[in-house]
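**Student:** The structure is given below, and queries will be raised subsequently.
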Amino acid sequence: MLKKVFSHPECRFLFILLFGFSLLRLPSLFEPNWYGDEGIYQVLGRAMNAGRMLYSEIWDNKPPLLYVTYALVDANHFLVRLLSYIAGLFAVYGFYLLTKRLFSVQSARFIATTVFAFLFAIPATEANIANAENFMLVFLIFAGFLVFSVKDNLMHTTSLQKLFVAGILVAVAFLYKIVAVFDFAAFFLFLLFLSLPERLSLVRTKNLKTYLRPVLVFSAGYIAPIILTGLYFLLVGAFAPFLTATFTTNVSYVGWRNYFLIPQGLLLAKLLLLGLFVLFLFSKRVSLGKTALFVLLWFAFSLFGVFFSQRPYTHYILMGITSFSLLIGLLISEKRFRILSLILIIIGTVLVISIFKPIRPKWLLGYYTNFIAYIAGQKSLTAYQAFFDSDMPGNYEIAQFISRHTQKNDIIFIWGNTAQIYTLSDTLPPGRYTVAYHITSSQAQAETQTAIDQKRARYIVLQSGSDIPQFLLTAYTQTATISDATIYERTR
0 MLKKVFSHPE CRFLFILLFG FSLLRLPSLF EPNWYGDEGI YQVLGRAMNA
50 GRMLYSEIWD NKPPLLYVTY ALVDANHFLV RLLSYIAGLF AVYGFYLLTK
100 RLFSVQSARF IATTVFAFLF AIPATEANIA NAENFMLVFL IFAGFLVFSV
150 KDNLMHTTSL QKLFVAGILV AVAFLYKIVA VFDFAAFFLF LLFLSLPERL
200 SLVRTKNLKT YLRPVLVFSA GYIAPIILTG LYFLLVGAFA PFLTATFTTN
250 VSYVGWRNYF LIPQGLLLAK LLLLGLFVLF LFSKRVSLGK TALFVLLWFA
300 FSLFGVFFSQ RPYTHYILMG ITSFSLLIGL LISEKRFRIL SLILIIIGTV
350 LVISIFKPIR PKWLLGYYTN FIAYIAGQKS LTAYQAFFDS DMPGNYEIAQ
400 FISRHTQKND IIFIWGNTAQ IYTLSDTLPP GRYTVAYHIT SSQAQAETQT
450 AIDQKRARYI VLQSGSDIPQ FLLTAYTQTA TISDATIYER TR
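Under numbering that gives the first Met the number 0, the letters of the sequence shown match residues 0 to 491, in that order.
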C-alpha cells in the first residue's frame, strides 16, 4: 500500500517536502523561552485561564484569538510551538492544493510550494516563533482556495456557501491579526472583478445586486465573526478596552513610521500606488485571466500589508510569503506574464531585504548548529540559551529565585520588557500591563501603582536599562541582584 502511494509523484513530493519542513522547524520546539512577544502572549493566556478578562484586566494590543490559542495550552512554550508547527504543516498542504487549482504545470506547483514551505520553516523569517502570522496563514490559504475554486460558477448555491465559509476563514485570520483585512480586500476585489460584466453600462448596473451577490455573501461571512466577537466583549463589559487595544492603538502604531511630509504621508503614498495597480488590473481583468488576476491582486495587497506599519519587524515578512510563492508559480506556469512576474518578484525581494534585512547566513547556520551541538551534549544549557539572547541565562536565574521565594498565589511585578519571567516563575503581574513599554503614560503608571498596592506584589524586578518611577518602590527594599536585574522585596 505504502509503495503504491509513494510511487505517485505528488505523494512522494509532499512527503519529502513535509519531512524537510519538519526538520527545519524541529529546533523551534526546543528553544528556550526567549522571545519577548511570546512572553506577553504567555502571560495573557495564563491570566485568562486564571479568570482575568482580556483587555480590561490583562492587556495587549492585538485581536483575541492569539491569546485564546496560548490559553488553550496554558501558555506552555513547547505546546504552543507545537501548535504553530502543526498549523504550518496544514498551511503547506493547503498551499499545494491551491497551486493545483491555479497552475496546470506540475513544476510550477512543486517549485512554488517548495519556496513557500522553506520560507515558512526557517528562522530567517521568524517562522520559528509562535506569532499571529504563524497561525493566520493557514486560514488565509484555505480561504483563497475556496475563493478561487468558485471562479467559474459564482452564482451557484454551493459556490455561495463556499464563499461564506471563505469569509469566515478570513475573519478568523483577522481575529489573529488585523492585517488580514488586506487579504480580505484582495479576495473581495477578485470576486468583484469576476462578478461585474466585461463592459459596464447604465442598463447593466441596474442588476448590480445580482452581480454583487457573491461579494456580499463573502463579506457577510467575514463580518459575522467580527461582530460576534465585538458583541461578546460588549456583554462582558470590556468592549471599550477591546476596541482601544485592537483598533485605536494601532492607528498611532502605524503612524509612527509612516510620517512623510504629513502624518501618514508615506501610508497615503503606498495607498496611491496600490490603487493605481488595482486600477491597472481592473482594466486588464479580461485579458489577464483568472489565475493571473487572483495572484497579482493577492500579491499587491500582501506586499502592502507587509509594509503597512513601515516597522522592520522580521515576522511581518510572513504575511507576504504566500502570494510571493504563488507569483513564482505564475512566472513558471504562464509565459506571457513572465516579465511582469519577474519585475514584481524583484521589487518585492529588494524591498524586503532592504527594510527587514533577513538574510544572515552565518546566524542561520549557527541556529541549527547550536541546536545540534546542544542535543549532542557538546554545548551547555547556558551557552545554548545565550545564543538566542545573552540575557537568557540571567532571566532563568531570576525566575528560579522568584520561584524559590514565592508561594502559589503571590504576585510580582517586572519593570522591564521580559514578560516571559512571569511564566518561567509561574506568577502573574498585579495589573493589566506585562511590559514597561506599555506603561508610558501617567494614567498607565497610576493604574499600575494602584494594582501593586492592592495586590501587594511580593517582589518588584527592575531590569537593566529600565527607568522605573521611584514612587513604585516606596514600600520595597533591595534584596538581591541577579545578572543585570535588581530585585526588591515588599517590606511594608
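All C-beta atoms, glycine included, are put in the ideal place defined by N, C-alpha and C.
Tell me whether Thr124 sits in a helix, a strand or coil according to DSSP, three-state version.
**Tutor:** Here residue 124 is taken as the residue at index 125 of the sequence shown, counted from 1. In this structure, Thr124 counts as helix in the three-state DSSP scheme.
**Student:** For Gly492, collect the residues of the same chain with a Cβ closer than 7 angstroms to its Cβ; drop the 5 residues on either side in sequence, then sort them by chain order.
**Tutor:** Since the first residue of the chain shown is 0 and the last is 491, residue 492 is not available in this structure.
**Student:** Using 8 angstroms as the threshold, is the C-beta distance between Val294 and Leu273 below it?
**Tutor:** Your numbering for residue 294 matches position 295 in the sequence shown. Your numbering for residue 273 matches position 274 in the sequence shown. No, these two residues do not count as a Cβ contact at 8 angstroms.
**Student:** For Tyr175 versus Leu97, is the C-beta spacing smaller than 8 angstroms?
**Tutor:** For the purposes of this step, residue 175 is taken as residue 176 along the sequence shown, with counting starting at 1. For the purposes of this step, residue 97 is taken as residue 98 along the sequence shown, with counting starting at 1. Not in contact: Tyr175 and Leu97 (Cβ atoms no closer than 8 angstroms).
**Student:** Given this structure, state the Cα-to-Cα distance separating Leu81 from Glu488, to the nearest angstrom.
**Tutor:** Along the sequence shown, read from residue 1 onward, the residue named residue 81 stands at position 82. Along the sequence shown, read from residue 1 onward, the residue named residue 488 stands at position 489. In a straight line, the C-alpha of Leu81 is about 37 angstroms away from that of Glu488.
**Student:** Would you kindly work out how many angstroms separate the C-alpha atoms of Ala299 and Phe276, rounded to a whole number?
**Tutor:** Sequence index remark: in the sequence shown, residue 299 carries index 300 (1-based). Sequence index remark: in the sequence shown, residue 276 carries index 277 (1-based). Between Ala299 and Phe276, the C-alpha separation is close to 8 angstroms.
**Student:** Who are Gln477's beta bridge partners in DSSP?
**Tutor:** The residue you call residue 477 lines up with position 478 of the sequence shown. Tyr487.
**Student:** Excluding the 5 residues preceding and the 5 following Ala49 in the sequence, name in chain order all residues of the same chain whose CB lies nearer than 8 angstroms to its CB.
**Tutor:** The residue given as residue 49 occupies position 50 in the sequence shown. Leu427.
**Student:** Across which residues does DSSP place Leu81 in a beta bridge pair?
**Tutor:** By 1-based counting over the sequence shown, the position of residue 81 is 82. Answer by DSSP bridge pairing: none, since Leu81 is not bridged.
**Student:** Measuring CA to CA, which of Ser282, Phe238, Ile177 and Thr248 is closest to Leu195?
**Tutor:** Sequence index remark: in the sequence shown, residue 195 carries index 196 (1-based). The candidate whose alpha carbon is nearest that of Leu195 is Ser282.
**Student:** Can the beta-carbon of Ala244 be found closer than 8 angstroms to that of Tyr54?
**Tutor:** Numbered from its first residue, the sequence shown carries residue 244 at position 245. Numbered from its first residue, the sequence shown carries residue 54 at position 55. Contact flag set, yes.
**Student:** Using a 10 Å radius around the Cβ and a threshold of 16 neighbouring Cβ atoms, would you call Ala184 buried or exposed?
**Tutor:** Against the sequence shown, residue 184 aligns to sequence position 185. Flag for Ala184 reads buried.
**Student:** To which residues of the same chain is Pro357 closer than 8 angstroms at the C-beta, ignoring the five residues directly before and after it?
**Tutor:** Taking the first residue of the sequence shown as 1, we reach residue 357 at position 358. Same-chain partners within the cutoff: Ala123, Thr124, Thr313, Ile316 and Val351.
**Student:** Does the separation of the CB atoms of Ala74 and Ser332 fall below 8 angstroms?
**Tutor:** Taking the sequence shown and counting its residues from 1, the one referred to as residue 74 is at position 75. Taking the sequence shown and counting its residues from 1, the one referred to as residue 332 is at position 333. No; because the gap between Cβ atoms is not below 8 angstroms, this pair is not in contact.
**Student:** Can you pull the DSSP bridge partners for Tyr458?
**Tutor:** Here residue 458 corresponds to residue number 459 of the sequence shown, with the count starting at 1. DSSP output for Tyr458 lists Ile411 and Glu488 as bridge partner(s).
**Student:** With DSSP as the reference, identify every bridge partner of Leu53, one or two as the case may be.
**Tutor:** If you number the sequence shown from 1, residue 53 lands on position 54. In the DSSP output, where bridge partners are listed per residue, Leu53 has Ile57.
**Student:** Along the chain, which unbroken stretches of the beta strand (DSSP E) at least 3 residues long are found entirely within the region 133-216?
**Tutor:** Correct list: empty.
**Student:** Taking buried to mean at least 16 other C-beta atoms within 10 Å of its own C-beta, is Glu9 buried or exposed?
**Tutor:** In the sequence shown, counting from the first residue as 1, residue 9 sits at position 10. Glu9 should be labelled exposed.
**Student:** Could you say which of Met154, Thr439 and Gln399 lies nearest to Leu423 if we only look at CA atoms?
**Tutor:** Taking the sequence shown and counting its residues from 1, the one referred to as residue 423 is at position 424. It is Gln399 whose Cα lies nearest to the Cα of Leu423.
**Student:** Can you tell which of Thr248, Pro26, Lys208 and Met318 has the C-alpha that lies nearest to the C-alpha of Ile140?
**Tutor:** The count along the sequence shown starts at 1 and reaches residue 140 at position 141. Of Thr248, Pro26, Lys208 and Met318, the residue nearest in Cα terms is Met318.
**Student:** For Ala126, I'd like the list of residues in its chain whose CB is within less than 6 angstroms of its CB, leaving aside the five on either flank, ordered along the chain.
**Tutor:** Here residue 126 refers to the residue found at position 127 when the sequence shown is read from its first residue. Excluding positions up to five away in sequence, the list reads Phe119 and Ala120.
**Student:** When you compare the CB positions of Leu153 and Pro213, do they come within less than 8 angstroms of one another, or not?
**Tutor:** Here residue 153 corresponds to residue number 154 of the sequence shown, with the count starting at 1. Here residue 213 corresponds to residue number 214 of the sequence shown, with the count starting at 1. Cβ atoms of Leu153 and Pro213: closer than 8 angstroms.
**Student:** In its own chain, which residues sit with a C-beta less than 8 angstroms from the C-beta of Ile167, not counting the 5 before and 5 after it?
**Tutor:** In the sequence shown, residue 167 corresponds to position 168, counting from 1. Once the five neighbours on either side are set aside, the close Cβ partners of Ile167 are Gly220, Tyr221, Ala223 and Pro224.
**Student:** Identify whether Ile261 lies in helix, strand or coil by the three-state DSSP scheme.
**Tutor:** By 1-based counting over the sequence shown, the position of residue 261 is 262. It is a strand residue.
**Student:** Using CA atoms only, rank isn't needed, just tell me which of Ser441, Leu101, Phe246 and Ala131 is closest to Ser83.
**Tutor:** Residue numbering aside, residue 83 sits at position 84 when the sequence shown is read from its first letter. Minimum Cα distance to Ser83 is reached at Ala131.
**Student:** Which residue from Ser402, Ala86, Phe323 and Lys334 puts its Cα closest to that of Val349?
**Tutor:** The sequence position of residue 349 within the sequence shown is 350, counting from 1. Nearest C-alpha to Val349: Phe323.
**Student:** Quick check on the burial criterion: 16 or more other C-beta atoms within 10 angstroms. Buried or exposed for Gly44?
**Tutor:** Indexing the sequence shown from 1 puts residue 44 at position 45. Its Cβ being crowded by 16 or more others within 10 Å, Gly44 is buried.
**Student:** Compare the C-alpha of Lys454 against each of Ile481, Ile401, Asp409 and Leu461 and name the closest.
**Tutor:** Reading the sequence shown from its first residue, position 455 is the one you call residue 454. If we check each option's Cα against that of Lys454, Asp409 comes out closest.
**Student:** Go through its chain and collect everything with a Cβ distance to Asp388's Cβ below 6 angstroms, but skip five positions before and after it.
**Tutor:** Your numbering for residue 388 matches position 389 in the sequence shown. If we look at Asp388 and ignore the five residues flanking it on each side, its Cβ neighbours are Trp33.
**Student:** Report the rounded CA-to-CA distance for Ser465 versus Thr381, giving the unit in angstroms.
**Tutor:** Numbered from 1 along the sequence shown, position 466 holds the residue referred to as residue 465. Numbered from 1 along the sequence shown, position 382 holds the residue referred to as residue 381. Answer to the nearest angstrom: the Cα atoms are 24 angstroms apart.
**Student:** In chain order, what residues of the same chain have a beta carbon less than 7 angstroms from the beta carbon of Leu341, not counting five sequence neighbours either side?
**Tutor:** By 1-based counting over the sequence shown, the position of residue 341 is 342. Answer for Leu341: Leu330, listed in chain order.
**Student:** Beta-carbon separation of Ser218 and Phe187 under 8 angstroms?
**Tutor:** Here the question's residue 218 lines up with position 219 in the sequence shown. Here the question's residue 187 lines up with position 188 in the sequence shown. Yes, the Cβ-Cβ distance between Ser218 and Phe187 is below 8 angstroms.
**Student:** In chain order, what residues of the same chain lie with their CB nearer than 8 angstroms to the CB of Leu190, ignoring the 5 residues before and after it?
**Tutor:** Taking the sequence shown and counting its residues from 1, the one referred to as residue 190 is at position 191. Cβ neighbours of Leu190 beyond the five flanking positions: Val146, Leu153, Leu162, Pro213, Val214 and Phe217.
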